[in-house]
Structures are given as C-alpha cells and as structure tokens.
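Undergrad: Below is a structure I'd like to ask you about.
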Amino acid sequence: MKQKIIGLSGHIDHGKTALVKALTGTNTDSLSEEQKRGMTIDIGFAFLDDNTTLIDVPGHEKFVKNMMAGISGIDIALLVIAADDSVMPQTKEHFEILNLLNIPLGAIVINKIDLVDTSWLELVELEIQELVEGSFMENSPIIKVSAETGDGLVELKQILKDLCDQAPDKLDRGIFRLHVDRSFSVKGYGTVVTGTVNSGSLKVGENIEISPNLLKARVRGLQSHGNDVDSIQIGDRAAINLQGIEVKQVLRGSQVAEVGYLQSVNQVGVIIKLLSSSKKPIVQNQRVRIHLGTQEVIARVAIVNTKILEPGNDCPALLRLESPMVLARGDRFIIRSFSPVLTIGGGEVVEVSIVEKWKYIKDRLKLLYDSDHGNQIIHIVEGERSRPITLKGLQYRLGISKEKINQIVEDMDELFWLNYKQGQWLLTYNQWDQLKSNIQTYLKDFHEKNPLSLGSQKEEIRQYIKCDDSILGALLEEMIANNFIGKKGELYLDPSFSILLSAEDSNLQESILGQLNQEGFTSSSLNQLSIKVGKPKDDIMRVLSVAEKEGKILRIDGDLMFTSENFIQLKNKVKTYFSDKKEMSISDFKELANTSRKYAVPLLEYFDKKKITYREGNSRKLLK
Numbered sequence: 054m055k056q057k058i059i060g061l062s063g064h065i066d067h068g069k070t071a072l073v074k075a076l077t078g079t080n081t082d083s084l085s086e087e088q089k090r091g092m093t094i095d096i097g098f099a100f101l102d103d104n105t106t107l108i109d110v111p112g113h114e115k116f117v118k119n120m121m122a123g124i125s126g127i128d129i130a131l132l133v134i135a136a137d138d139s140v141m142p143q144t145k146e147h148f149e150i151l152n153l154l155n156i157p158l159g160a161i162v163i164n165k166i167d168l169v170d171t172s173w174l175e176l177v178e179l180e181i182q183e184l185v186e187g188s189f190m191e192n193s194p195i196i197k198v199s200a201e202t203g204d205g206l207v208e209l210k211q212i213l214k215d216l217c218d219q220a221p222d223k224l225d226r227g228i229f230r231l232h233v234d235r236s237f238s239v240k241g242y243g244t245v246v247t248g249t250v251n252s253g254s255l256k257v258g259e260n261i262e263i264s265p266n267l268l269k270a271r272v273r274g275l276q277s278h279g280n281d282v283d284s285i286q287i288g289d290r291a292a293i294n295l296q297g298i299e300v301k302q303v304l305r306g307s308q309v310a311e312v313g314y315l316q317s318v319n320q321v322g323v324i325i326k327l328l329s330s331s332k333k334p335i336v337q338n339q340r341v342r343i344h345l346g347t348q349e350v351i352a353r354v355a356i357v358n359t360k361i362l363e364p365g366n367d368c369p370a371l372l373r374l375e376s377p378m379v380l381a382r383g384d385r386f387i388i389r390s391f392s393p394v395l396t397i398g399g400g401e402v403v404e405v406s407i408v409e410k411w412k413y414i415k416d417r418l419k420l421l422y423d424s425d426h427g428n429q430i431i432h433i434v435e436g437e438r439s440r441p442i443t444l445k446g447l448q449y450r451l452g453i454s455k456e457k458i459n460q461i462v463e464d465m466d467e468l469f470w471l472n473y474k475q476g477q478w479l480l481t482y483n484q485w486d487q488l489k490s491n492i493q494t495y496l497k498d499f500h501e502k503n504p505l506s507l508g509s510q511k512e513e514i515r516q517y518i519k520c521d522d523s524i525l526g527a528l529l530e531e532m533i534a535n536n537f538i539g540k541k542g543e544l545y546l547d548p549s550f551s552i553l554l555s556a557e558d559s560n561l562q563e564s565i566l567g568q569l570n571q572e573g574f575t576s577s578s579l580n581q582l583s584i585k586v587g588k589p590k591d592d593i594m595r596v597l598s599v600a601e602k603e604g605k606i607l608r609i610d611g612d613l614m615f616t617s618e619n620f621i622q623l624k625n626k627v628k629t630y631f632s633d634k635k636e637m638s639i640s641d642f643k644e645l646a647n648t649s650r651k652y653a654v655p656l657l658e659y660f661d662k663k664k665i666t667y668r669e670g671n672s673r674k675l676l677k
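When the letters of the sequence shown are read in order and numbered with our numbering, they come out as residues 54 to 677.
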C-alpha cells in the first residue's frame with residue numbers, strides 16, 4: 054500500500070498539535086521557539102501508522118508560507134476547528150487554500166468539545182456547513198473530538214483509515230521530484246533533506262539535481278517513516294542523505310529531482326482563479342505573491358482574455374516572476390495579494406517554456422487551456438520548429454507520465470518518434486518535411502552565392518536551420534538516400550549543382566592537371582606552375598581550388614598538391630607492396646613513388662592520417 058499524507062490545517066490555537074499528539078503520541082512542536090510561544094511556527098510530522106503521515110501546519114497568518122510548505126502534496130485534508138472559537142479568519146483562509154490546491158478528500162474535526170455545551174456545538178456545526186457548501190468538503194464527515202479528554206479519537210482514527218483507503222493515488226509523472234521542506238546536518242552523515250515525494254522514485258546511489266541552482270549530489274541513504282530503505286516512491290514522506298553538497302546550499306524552497314528535468318524560469322503560463330470572496334479583482338500587471346510548494350516569489354500578472362479578472366472567475370495568464378522559480382506543468386499554486394498579504398486565489402501551471410512575444414503567448418495559452426493532450430502535444434512539437442522535443446521534455450511540458458505520452462502518440466497519425474543513434478525525438482510529419490525543405494532551400498541559396506564552392510559544411514547547415522546535431526544527421530542521411538541532396542567528401546550540395554568554369558578557366562585547369570599528372574610526386578610550387586603554364590598565380594589558385602573541391606587533386610600540405618589519379622595509383626602500389634612484405638621503409642616508399650625524401654615524408658604522413666598505414670619505429674605497416 055502506498056503511503057498517504059494527511060494535512061491538518063486551521064486557525065491558530067485550535068488544537069492541531071494537541072490532536073496529532075493525542076493520535077500518535079508525538080509532539081510536533083519540536084522547536085524551542087514553538088514551545089515557548091505555544092504555537093506552531095514550522096511544519097511538523099508524525100506517523101499515524103506505517104503507511105500514514107500526519108502533517109501539522111502553522112495556523113497563524115504570519116506563517117502561511119510555512120503552511121504551504123506542508124500542505125502541498127497531501128492526499129487528505131483535515132480541517133481543525135475549535136468548538137469554543139468556531140470558524141475564524143485563518144480557518145477560512147486555510148480552507149480556501151485547500152480548495153485551490155485541489156485536495157481530493159477531506160474531513161472536518163471539531164476539537165475542544167469539552168469546553169462547550171451541546172447547543173453551542175450545534176451552532177458551530179451549522180457555521181461549518183455554511184463554510185464548506187459547494188466545495189470538495191461539502192459532504193465530508195464532521196467528527197467531534199477532544200484532544201484533551203480523548204473523546205471521539207477512536208471514531209476519528211477509523212474515519213482517517215477509511216479516507217486513506219478511498220484516496221486516489223497521485224498522478225505519477227514518472228520522474229523523481231521532491232519539494233524540500235527541511236534541511237539539516239547529521240554528524241557522521243552530512244546533509245539531510247526531508248519532504249514528500251511528488252513524483253517518480255529514487256534509489257540509494259543515484260545522482261540527483263537540486264534546483265534552482267542546479268547543484269549535483271549523490272544519494273547516500275534514504276529513510277521513510279523513520280526506517281532505512283533502499284528506495285522511495287511517489288507519496289512517501291522521506292528523508293534523503295545527500296553526498297557532495299553542504300546543508301547551507303539546500304534551503305526550504307529547493308527541489309530535488311532527476312538530473313536534467315527541472316529548470317528555473319522567469320515567466321510561466323498559468324490558469325488562475327480568483328476567489329469569489331476576494332474583495333477586489335486582479336488587474337493587468339498587478340503585483341502578487343505566488344506560493345508553490347515551499348517557494349514564495351513576487352510576480353506580475355499578465356491576463357490573457359481580459360484586462361480585469363473578477364472575483365469567482367478564472368482565465369489564462371502569464372506570470373512574470375521577479376525571481377526565478379522552479380516548477381513544472383500541472384503544479385498548483387496559491388496567489389496572495391502583495392499588500393495587505395491575503396489569500397486571493399490560486400491556479401495551475403500550463404506552460405513552462407515561454408520565450409515568444411506576448412501576442413503569440415496569448416494564443417498558445419488559450420490553446421493549452423482549452424485542448425486535449427493530443428492537440429497540446431502537436432502544438433508543443435510544432436512550436437519547437439527545428440528543435441524537436443524529447444520524451445523527457447514532453448513529460449516536463451505536459452506533466453504526465455511517459456507511458457501516457459507514448460499511448461497518445463501511438464494513436465495519432467500526425468506524429469512519429471525519430472530514433473537516431475542514441476537519441477529519440479518526437480516530430481510531426483509536417484515538421485519533418487519542412488526541415489528537409491529548409492535544407493534544400495539553404496543549399497540552392499548557398500550555390501547561388503558561392504558558384505565556385507562545391508557545397509556546404511554540415512555545421513553551416515545546422516546553424517541555418519538551428520537544429521540539434523543528431524536530428525540533422527538523420528535528416529541528411531535520409532535526404533542523401535533519396536537523392537534530395539548530394540554529398541562529396543564532407544560537403545553537402547544540391548544534386549543538380551556543378552561548378553561551371555569559363556572556357557578559359559576550364560582550359561587552364563586541364564593544362565595544370567596535365568602538368569601535375571606528368572610530374573607525378575615531384576610537385577611544382579605555385580610559382581613554378583605559374584611559369585610553366587604562363588598564367589598568374591591568382592588564376593592558378595582559383596582553378597586549383599575548384600579542382601580540389603571536385604576531388605580532382607589532393608592538397609597534402611600547403612602548396613604540396615598531387616592529382617587524385619596519381620594518388621590512387623600510388624595507394625594501389627603500396628597495398629601490392631604489402632601483399633608479400635610486412636613493413637616499408639622510407640627508402641622503399643621513395644622507390645615506389647619515384648620521388649625524393651622531401652615529398653615522401655609528407656605523403657607517408659598523409660597515408661597514416663587516412664589510416665592506410667601506421668608508423669612503427671622508422672617503418673610503416675599496412676593498417677587496412
């Protein structure tokens with residue numbers, strides 16, 4: 054059975070801590086300051102049984118940030134209301150927060166029943182029913198207890214057990230993630246962080262990343278419910294012993310996740326809802342406080358559909374964050390007014406990768422808000438244009454598991470997985486065709502601008518279409534195989550392209566090649582060729598450059614050039630030589646090439662470079 058988290062919330066001094074102690078025997082007011090002041094400042098934890106954790110969160114309005122740290126990720130909400138006080142301001146605020154966080158199940162505890170009579174208790178119950186009307190707690194059980202006398206605790210324990218059995222499993226995104234709510238150092242072990250696993254699983258020995266600073270660490274040890282374990286999973290209340298990081302580097306608000314999954318963002322697309330109880334609307338560019346998990350950041354709200362969001366309504370919006378925030382699709386958050394600090398609404402993250410201008414963002418957020426996952430995937434993939442997205446990237450952008458993504462893709466004709474070398478990317482067929490068209494357009498344009506260049510380098514193409522190198526490799530291979538483009542050496546070209554020399558340059562090239570063929574492996578310098586053919590060096594260099602690109606000559610080193618025809622003949626001679634001999638000296642090679650040491654040494658080095666031969670001492674041996 055997966056662990057379940059029960060969060061106790063409510064007004065200050067309504068007996069949450071006393072109730073936890075009565076149920077578990079644990080005093081969650083562990084801080085000396087808490088015990089001194091008589092109220093919970095920080096979140097506290099206790100175990101109801103092996104599979105159930107109780108989280109006691111602060112009730113004072115000054116500690117709502119800490120309350121959020123504990124209440125995010127719970128399965129069951131337990132709203133605690135003191136019988137002698139009834140519904141108080143923080144009762145309402147905590148209840149609204151629970152509503153906004155989309156907690157699936159809950160129960161209401163009327164505590165301190167030993168302090169009031171029956172008639173007053175009935176009035177309290179009526180006020181509670183009015184508070185929860187129309188909410189997820191409308192039909193939740195109301196249990197009357199006294200943490201002091203023990204009345205009602207047996208019934209409460211049974212109801213909590215029943216709720217744990219009913220509580221649905223959390224949506225697992227398949228990638229490990231945990232919001233840090235505490236960090237401390239243990240002598241002999243080092244840094245320890247605690248929190249509730251929001252997604253995925255983690256094993257001892259694995260590497261993790263701590264955001265927002267993207268710090269790397271190794272998992273030295275794990276605990277769940279006070280026991281050493283080899284692994285933890287979604288829903289577990291856990292402690293992680295981290296190796297390679299200091300405690301001061303991991304603060305509340307940090308997140309522990311699989312390496313490469315999370316990122317810090319400065320703006321995020323969301324759906325926001327303003328509480329009907331809010332006294333004012335949210336206006337365009339209004340400054341608010343955003344609470345997500347253990348993080349608090351100031352943001353400005355850019356509303357998509359209108360300039361004003363009225364109480365009780367919801368709409369897509371862009372949050373421009375004043376400090377980076379670590380989040381993912383599907384995360385729920387709370388909005389509090391900047392001043393005075395009051396809970397006014399909440400929302401859900403729908404888009405984390407936003408770099409476009411505002412006019413494009415609006416349409417995108419509307420689509421993500423209104424469409425199903427299939428259309429969202431197409432929108433995301435095509436939005437990446439020449440930067441196809443990975444499965445992990447989609448998990449992050451969509452907030453759903455890889456299994457669900459694969460099922461959606463399998464059922465859609467528009468999408469396909471590109472598997473190339475060690476990578477996998479999701480593309481639409483339209484996107485794939487567009488990328489190929491872009492390459493063809495680029496090469497045609499390249500040839501027009503560079504009529505004497507045989508083709509373009511791969512890196513030049515990549516920079517033009519701004520495509521991942523592996524994606525480009527797959528594209529080029531397919532296009533070559535289908536004769537959409539050609540390749541000569543390391544250059545890519547339009548198959549219909551050929552370098553057109555003037556009649557004069559063509560004749561000059563033939564003359565130079567004839568001269569080099571005649572010379573064999575006693576190459577003339579540019580000055581010597583200029584004299585022999587009676588043409589300026591610039592003209593010779595121009596036609597030789599074309600010949601080199603066409604593969605008619607090989608440039609060994611600087612001015613040292615030989616015809617490809619002669620080189621092929623020499624390569625065959627070398628291989629024939631090794632048919633009955635194991636090694637070749639420089640003298641042997643000089644004889645084969647009919648050349649001097651001046652040319653033999655760089656030629657042999659070229660043979661080594663091309664992995665035809667290799668050097669061993671003062672001799673060469675055949676490599677292939």
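Every residue, glycine too, gets a C-beta built ideally from N, C-alpha and C.
1. Quick check on methionine 532: does DSSP put it in helix, strand or coil?
2. From which residue to which residue does the beta strand (DSSP E) around serine 390 run?
3. Can you tell me the Cα-Cα spacing of glutamate 208 and glycine 383, whole angstroms?
4. For isoleucine 609 and alanine 556, I'd like the C-alpha separation in whole angstroms.
5. Using a Cβ-Cβ cutoff of less than 8 angstroms, which residues in the same chain neighbour leucine 613 once the five nearest sequence positions on both sides are dropped?
6. Name the two residues that bound the continuous alpha helix (DSSP H) containing alanine 71.
7. If we count Cβ pairs, one from each stretch, closer than 8 angstroms, do we get three or more for the stretch 65-77 versus the stretch 197-205?
8. Checking 8 angstroms against the spacing of the C-beta atoms, do leucine 131 and valine 177 come in under that value?
9. Grab me the residues of leucine 525's own chain with a C-beta within less than 8 angstroms of its C-beta, minus the 5 sequence neighbours each way, in chain order.
10. Kindly indicate which residue of Ile287, Asp138, Glu149, Thr144 has the alpha-carbon position closest to the one of tryptophan 173.
11. Three-state secondary structure (DSSP) at tyrosine 667?
12. Measuring CA to CA, which of Val379, Leu372, Ser490 is closest to serine 317?
13. Which of helix, strand or coil does DSSP assign to histidine 432?
14. Quick check on this structure: which residue in Ala310, Leu231, Gly573 has the alpha carbon closest to the alpha carbon of serine 649?
15. Output the residue ranges of the beta strand (DSSP E) runs that lie fully inside the stretch 538-618 and measure 3 residues or longer, sorted by chain position.
16. Using the three-state DSSP reduction, which class does valine 169 fall into: helix, strand or coil?
17. Check whether the Cβ atoms of valine 323 and alanine 381 lie closer than 8 angstroms to each other.
18. Quick one: using the 10 Å Cβ neighbour count with 16 as the cut-off for buried, is proline 441 buried or exposed?
19. Spatial neighbours of methionine 465 within its chain, please: CB distance less than 7 angstroms, with the 5 preceding and 5 following residues excluded, ordered by chain position.
20. Leaving out the 5 sequence neighbours to the left and right, which residues in its chain are closer than 8 angstroms to asparagine 580 when beta-carbon positions are compared?
21. On the DSSP bridge assignment, give the partners of glutamine 369 in chain order.
22. Of the residues Leu328, Glu644, Gly539, which one's Cα is nearest the Cα of leucine 623?
23. Identify whether serine 85 lies in helix, strand or coil by the three-state DSSP scheme.
24. Using 10 angstroms around the beta-carbon of serine 85, count the other beta-carbons present and answer buried if the total reaches 16, otherwise exposed.
25. Measuring straight from C-alpha to C-alpha, what distance separates serine 188 and tryptophan 470?
26. DSSP three-state call for isoleucine 492: helix, strand or coil?
27. Name, in chain order, the residues that DSSP records as bridge partners for methionine 637.
28. Could you name the residues of the same chain whose beta carbon sits closer than 8 angstroms to that of tyrosine 242, not counting the 5 residues immediately before and after it, in chain order?
29. Rounded to whole angstroms, what's the CA-CA distance from glutamine 683 to valine 354? Just pull it up for me.
30. Thinking just about the alpha-carbon of each residue, which of Pro142, Ile361, Ser390, Leu206 is nearest to the one in isoleucine 181?
31. Would you decide whether leucine 345 is buried or exposed? Buried here means 16 or more other CB atoms lie within 10 Å of its CB.
32. In the DSSP assignment, the beta strand (DSSP E) including threonine 105 goes from what residue to what residue?
33. Within this structure, are the beta carbons of aspartate 225 and valine 257 separated by less than 8 angstroms?
34. When you compare the CB positions of glycine 398 and lysine 57, do they come within less than 8 angstroms of one another, or not?
35. By the DSSP assignment, the beta strand (DSSP E) with threonine 144 in it spans what residues?
36. What is the DSSP secondary structure of isoleucine 621, counted as helix, strand or coil?
TA: Quick answer:
1. Working through the sequence shown from its first residue, we reach residue 532 at position 479. DSSP places methionine 532 in helix when its eight states are reduced to three.
2. Within the sequence shown, the letter at position 337 stands for residue 390. Its beta strand (DSSP E) spans residues 385-390.
3. Within the sequence shown, the letter at position 155 stands for residue 208. Within the sequence shown, the letter at position 330 stands for residue 383. Annotation: glutamate 208 to glycine 383 spans about 35 angstroms, alpha carbon to alpha carbon.
4. Working through the sequence shown from its first residue, we reach residue 609 at position 556. Working through the sequence shown from its first residue, we reach residue 556 at position 503. Rounded to whole angstroms, the gap between the alpha carbons of isoleucine 609 and alanine 556 is 28 angstroms.
5. Sequence index remark: in the sequence shown, residue 613 carries index 560 (1-based). Answer for leucine 613: Ser576, Tyr652, Pro655, listed in chain order.
6. Counting from one through the sequence shown, the residue named residue 71 turns up at place 18. Start and end: 69-77.
7. Taking 8 angstroms as the limit for Cβ pairs, the verdict is that the stretch 197-205 does touch the stretch 65-77.
8. For the purposes of this step, residue 131 is identified with residue 78 of the sequence shown, where counting begins at 1. For the purposes of this step, residue 177 is identified with residue 124 of the sequence shown, where counting begins at 1. No; because the gap between Cβ atoms is not below 8 angstroms, this pair is not in contact.
9. Taking the sequence shown and counting its residues from 1, the one referred to as residue 525 is at position 472. Contacts found: Lys511, Ile514, Arg515, Ile518.
10. Working through the sequence shown from its first residue, we reach residue 173 at position 120. Taking only the C-alpha atoms, the option nearest tryptophan 173 is Asp138.
11. The count along the sequence shown starts at 1 and reaches residue 667 at position 614. When DSSP states are grouped into helix, strand and coil, tyrosine 667 belongs to the strand group.
12. Within the sequence shown, residue 317 is the residue found at index 264, counting from 1. Minimum Cα distance to serine 317 is reached at Val379.
13. As a working note, residue 432 is residue 379 in the sequence shown. DSSP places histidine 432 in helix when its eight states are reduced to three.
14. On the sequence shown, position 596 is the one that residue 649 refers to. Serine 649 has its Cα closest to that of Gly573, out of Ala310, Leu231, Gly573.
15. Runs found: 539-541, 544-546, 606-610, 613-616.
16. Counted from its first residue, the sequence shown places residue 169 at position 116. Here valine 169 sits in coil by DSSP.
17. Residue mapping note: residue 323 aligns to position 270 of the sequence shown, counting from 1. Residue mapping note: residue 381 aligns to position 328 of the sequence shown, counting from 1. Contact: no.
18. Looking up residue 441 in the sequence shown gives position 388. Counting Cβ neighbours within 10 Å, proline 441 comes out buried, since at least 16 surround it.
19. Within the sequence shown, residue 465 is the residue found at index 412, counting from 1. Closer than 7 angstroms at the Cβ level, and outside the excluded window around methionine 465, lie Gly427.
20. Position 527 of the sequence shown, counting from 1, holds the residue named residue 580. Same-chain partners within the cutoff: Lys590.
21. Within the sequence shown, numbered from 1, the residue matching residue 369 stands at position 316. Correcting the residue identity first, residue 369 is proline in this sequence and not glutamine. Bridge partners of proline 369: Ile324.
22. Within the sequence shown, residue 623 is the residue found at index 570, counting from 1. For the residues Leu328, Glu644, Gly539, the minimum Cα distance to leucine 623 belongs to Glu644.
23. Residue numbering aside, residue 85 sits at position 32 when the sequence shown is read from its first letter. Unreliable positioning characterises serine 85 in this predicted model, as indicated by a pLDDT of 38, which lies under 50. A coordinate reading is not provided.
24. Looking up residue 85 in the sequence shown gives position 32. Its pLDDT being 38, under 50, serine 85 is placed unreliably in this model, and the value from its coordinates should be taken loosely. Flag for serine 85 reads exposed.
25. Indexing the sequence shown from 1 puts residue 188 at position 135. Indexing the sequence shown from 1 puts residue 470 at position 417. Going by the C-alpha atoms only, they are around 43 angstroms apart.
26. Within the sequence shown, the letter at position 439 stands for residue 492. Per DSSP, reduced to three states, the secondary structure at isoleucine 492 is helical.
27. Taking the sequence shown and counting its residues from 1, one reaches residue 637 at position 584. BP columns for methionine 637 point to Arg673.
28. Here residue 242 refers to the residue found at position 189 of the sequence shown. The answer, listed in chain order, is Arg273, Gly274, Asn294.
29. What is shown of the chain runs 54 to 677, which leaves residue 683 out entirely.
30. Stepping through the sequence shown from its first residue, residue 181 is reached at position 128. The shortest C-alpha separation from isoleucine 181 is found at Pro142.
31. One-based indexing of the sequence shown puts residue 345 at position 292. Burial call: buried.
32. Taking the first residue of the sequence shown as position 1, residue 105 is located at position 52. From DSSP, the beta strand (DSSP E) with threonine 105 extends over 105-109.
33. By one-based count along the sequence shown, residue 225 stands at place 172. By one-based count along the sequence shown, residue 257 stands at place 204. Going by C-beta atoms, aspartate 225 is not nearer than 8 angstroms to valine 257.
34. Taking the sequence shown and counting its residues from 1, the one referred to as residue 398 is at position 345. Taking the sequence shown and counting its residues from 1, the one referred to as residue 57 is at position 4. No. Outside cutoff.
35. Along the sequence shown, read from residue 1 onward, the residue named residue 144 stands at position 91. Note, threonine 144: premise wrong, no beta strand (DSSP E); alpha helix (DSSP H) at 142-153.
36. Translated into positions along the sequence shown, residue 621 becomes position 568. Three-state result, isoleucine 621: helix.
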